[in-house]
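This report refers to the structure that appears directly beneath it.
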Amino acid sequence: MKIPCVERIPLLVTGLSFLLPALSNCQYNNLTLIASALVLGANFNLTEINRMFLKEKSISALSHFLSDAKFSTIEMQELYASHAYFRHKIKNRKGYFNIDDTMTHHSKFCQWLHGVFVLFDHALGTNLKARCIVVLYYSDGGSAKFPLAFRIYYQKSSKMLWTRRKNFVHKTKNELAIEMLEWALAKGYPPCTVLADSWFGVKPFIKELKRLKLSYVIEIKSSLKVRVPCSTPKLTPTGKLSKNQYELKSLPDFFNLIADMITSGFSADEKLGKEAKVLYHTKLANVRLNAIPGKHRIVQSLDPSKDTIKYLLTNELTWESSKILSVYSYRWVIEEFFRNAKQLLDMEGVTVRSEQGITTALCLVFYIDFLLHLENCKSIAENTHMESKTIPSIVRRLQHENQVKFINKVQVDRGFVEKWITIINSDVDRKRKQNKPLVDLSLQEAEEHLKNVI
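The sequence shown begins at 1064 in the numbering used here and counts up one residue at a time.
So, in structure tokens, the structure goes:
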């Protein structure tokens, strides 16, 4: 397969070599080419380039490879997890397991939570190209960070195109997240602190985290109730003292009773001439919730600039509010990953027609994100005075280098430019074909037969 205007990026060719045991040489070449195309996709429209330069049968070569490739993505993910483990030396390196869903939920067409879709078919009553993905992302709090695993979520009575007439096991998002955590621990990853948003702040998920003996900091909804001692003894209908001597209060009402408030933010910097900046007003309490078993520490965090309140729950009963907020802030890396996958790697621009296609495309995005962060780590290790770069800056540098090569090629190859202009002109002057009238072919054959006889 050839994709014009795209040359394989050496960083990806050498970095993806750990997949060679699972792929043939041809598959590996195609995989590295498409990975390079995804990175460079911001400057080139791959669909138009394919239409201009590839044969008619190969126009959808990119989507065909993603949808119909005959290799095991499960084996590739096993190799990837092991390679990332040894490459970053994570054996005794505790960090954070970030969990979130889904990669494309910011689409303006999103109406259903179970599956995000690009197009809704009202005739079939189903979502076309719907997908909801639960992602597990590892971070050590520093430069070592990469997506570790993902699972596709299927609705119980799924209407997704690739699930028709197929047997599949329905699992909730919480169950998929726990499955990935168990898989990561079985691979040798150390027990890390789990970070998740309020969708995972529910009893079944937290109960499983306790079973796995994992620490966690999870955002919870303000609708949860706190158990507080009764102001007056509670009696049964027969006049006896009730066993449950507590009443329920909502989180906002409970924290309104707490007067002590802690201010968190950045201290003043005299060298830079910056004043102290207040980021959050926090309140702290160790409580028991009615919906979630066990004793927890909850932080109420008020952002004065946005006038918003969040509630963070952790099983670490001795942590201060500043530490809980700092730990939860590491969850932002998974949001950055979603943004990069959507905006920089052209994830939404890739035509995907099957579950295999989605899985392959996600694997590619995982590997690319891992390699770009790894390149950042290597650059910092070689030059300790160098500041950490963002993924967008690394991608744009690669795109710039490819663009310079492309311009140099155009300047030398005049035939390339002439062919490009010819194709553009043909698209401009394209005319609608005239409809031919339908005729009775049997009568024509009879007339021709009579002519031959005469």
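Note that the Cβ used here is the ideal one computed from N, Cα and C, for glycine as well.
Rounded straight-line distance, which links the Cα of residue j to that of residue i
i: LYS1468; j: GLN1474; result: 10 Å
i: THR1110; j: LEU1380; result: Low per-residue confidence applies at THR1110: pLDDT is 48, beneath 50, and the placement is therefore not dependable, though the value from the model is reported in the following sentence. Cα to Cα, THR1110 sits roughly 54 Å from LEU1380.
i: LEU1082; j: THR1136; result: 10 Å
i: SER1456; j: GLU1138; result: 31 Å
i: ALA1249; j: PRO1296; result: 50 Å
i: THR1077; j: TYR1091; result: 11 Å
i: GLU1282; j: ASN1378; result: 12 Å
i: PRO1292; j: ASN1319; result: 16 Å
i: ILE1431; j: ALA1098; result: 7 Å
i: LEU1086; j: PHE1134; result: 7 Å
i: LYS1288; j: ARG1360; result: 14 Å
i: ALA1509; j: LEU1501; result: 17 Å
i: PHE1268; j: SER1442; result: 39 Å
i: GLY1478; j: ARG1460; result: 28 Å
i: LEU1298; j: GLU1238; result: 40 Å
i: ASP1184; j: ASN1403; result: Residue placement at ASP1184 is poorly supported in this model, since its pLDDT is 45, which falls under 50; the coordinates still yield a value, given next. Those two C-alpha atoms are separated by around 29 Å.
i: TRP1382; j: ASN1155; result: 22 Å
i: PRO1315; j: ASP1370; result: 14 Å
i: SER1392; j: TRP1262; result: 17 Å
i: GLN1466; j: LYS1152; result: 35 Å
i: CYS1440; j: GLU1464; result: 21 Å
i: ILE1421; j: LYS1405; result: 14 Å
i: LEU1513; j: GLN1497; result: 31 Å
i: GLN1174; j: ASN1307; result: At GLN1174 the pLDDT is 38, less than 50, meaning the model places this residue with poor confidence; the figure from the coordinates comes in the next sentence. Approximately 42 Å, taken between the alpha carbons.
i: LEU1506; j: LYS1499; result: 17 Å
i: ARG1274; j: ILE1321; result: 32 Å
Residues near residue i in its chain [Cβ-Cβ closer than 7 Å; skip 5 each side]
i: VAL1367; result: According to the sequence shown, residue 1367 is Pro rather than Val. Cβ neighbours of PRO1367 beyond the five flanking positions: VAL1341 and HIS1344.
i: PRO1084; result: LEU1142
i: THR1095; result: ARG1071, LEU1075, VAL1076 and LEU1079
i: GLU1438; result: LEU1074 and ILE1457
i: ARG1150; result: LEU1437
i: SER1202; result: GLY1158, TYR1159, ASN1161, LYS1208, TYR1393 and VAL1396
8 Å Cβ shell around residue i - same chain, five flanking residues per side excluded
i: ARG1290; result: TYR1309, GLU1310, LEU1311, VAL1350, ARG1351, LEU1352 and ASN1353
i: LEU1277; result: PHE1160, LEU1244, PRO1254, CYS1255, THR1256 and VAL1257
i: LYS1266; result: ALA1354, ILE1355 and PRO1356
i: HIS1436; result: SER1206, ALA1207, LYS1208, PHE1209 and ILE1454
i: ASP1163; result: VAL1197, VAL1198, TYR1200, ALA1259, ASP1260, ARG1394, ILE1397, GLU1398 and PHE1401
i: GLU1511; result: none
i: VAL1516; result: none
i: VAL1480; result: VAL1473
Spatial neighbours of residue i in its chain, beta-carbon cut-off 6 Å, leaving aside the 5 residues before and after
i: LYS1157; result: PRO1253 and CYS1255
i: GLU1338; result: ALA1331
i: ARG1394; result: ASN1161 and LEU1258
i: VAL1362; result: THR1345, LEU1347, LEU1375, SER1384 and ILE1387
i: LEU1425; result: PHE1213
i: ILE1325; result: THR1345 and SER1384
i: GLY1328; result: LYS1340, VAL1341 and LEU1342
i: ALA1144; result: LYS1250
Element boundaries [alpha helix (DSSP H), containing residue i]
i: PHE1134; result: Per DSSP, PHE1134 belongs to no alpha helix (DSSP H) and is neither H nor E.
i: VAL1076; result: 1073-1078
i: SER1389; result: 1384-1392
i: GLU1399; result: 1395-1402
i: ALA1274; result: The identity of residue 1274 in the sequence shown is Arg, whereas the question assumes Ala. Taken as a continuous stretch (DSSP letters only), the alpha helix (DSSP H) holding ARG1274 covers 1266-1274.
i: TYR1091; result: 1088-1102
i: LEU1083; result: Run containing LEU1083: none; DSSP gives neither H nor E here.
i: LEU1335; result: No alpha helix (DSSP H) contains LEU1335, which DSSP labels as neither H nor E.
i: VAL1280; result: Unbroken run through VAL1280 is the beta strand (DSSP E), 1279-1283; no alpha helix (DSSP H).
i: ASN1155; result: Note, ASN1155: premise wrong, no alpha helix (DSSP H); not H, not E.
i: ASN1515; result: 1504-1516
i: ASN1237; result: 1236-1249
Residue i - partner residues in DSSP beta bridges
i: GLU1379; result: Looking at the DSSP assignment, GLU1379 forms no beta bridge with any residue, so it has no partner.
i: LYS1208; result: SER1202
i: GLY1302; result: BP columns for GLY1302 are empty, so no partner.
i: LYS1346; result: GLN1363
i: SER1327; result: TYR1343
i: TYR1309; result: PRO1292
Beta-carbon proximity check, residue i vs residue j, cutoff 8 Å
i: TYR1216; j: ILE1241; result: no
i: TYR1200; j: VAL1396; result: yes
i: LYS1234; j: GLY1264; result: no
i: VAL1232; j: VAL1390; result: no
i: PHE1433; j: ALA1147; result: yes
i: SER1294; j: SER1313; result: no
i: LEU1211; j: ALA1247; result: yes
i: LYS1373; j: SER1364; result: yes
Endpoints, beta strand (DSSP E) assigned at residue i
i: PRO1315; result: Here PRO1315 belongs to no beta strand (DSSP E); instead the alpha helix (DSSP H) covers 1314-1319.
i: GLN1363; result: 1358-1366
i: LYS1288; result: 1288-1292
i: VAL1257; result: 1256-1259
Beta carbon proximity, residue i to chain B, threshold 8 Å
i: GLN1419; result: The question asks about chain B, but that chain is absent: this structure has only one protein chain.
The ligand ZN heavy atom lying under 7 Å from the CB of residue i
i: CYS1426; result: Among the ligands in the structure shown, none appear at all, so the ligand ZN cannot be discussed.
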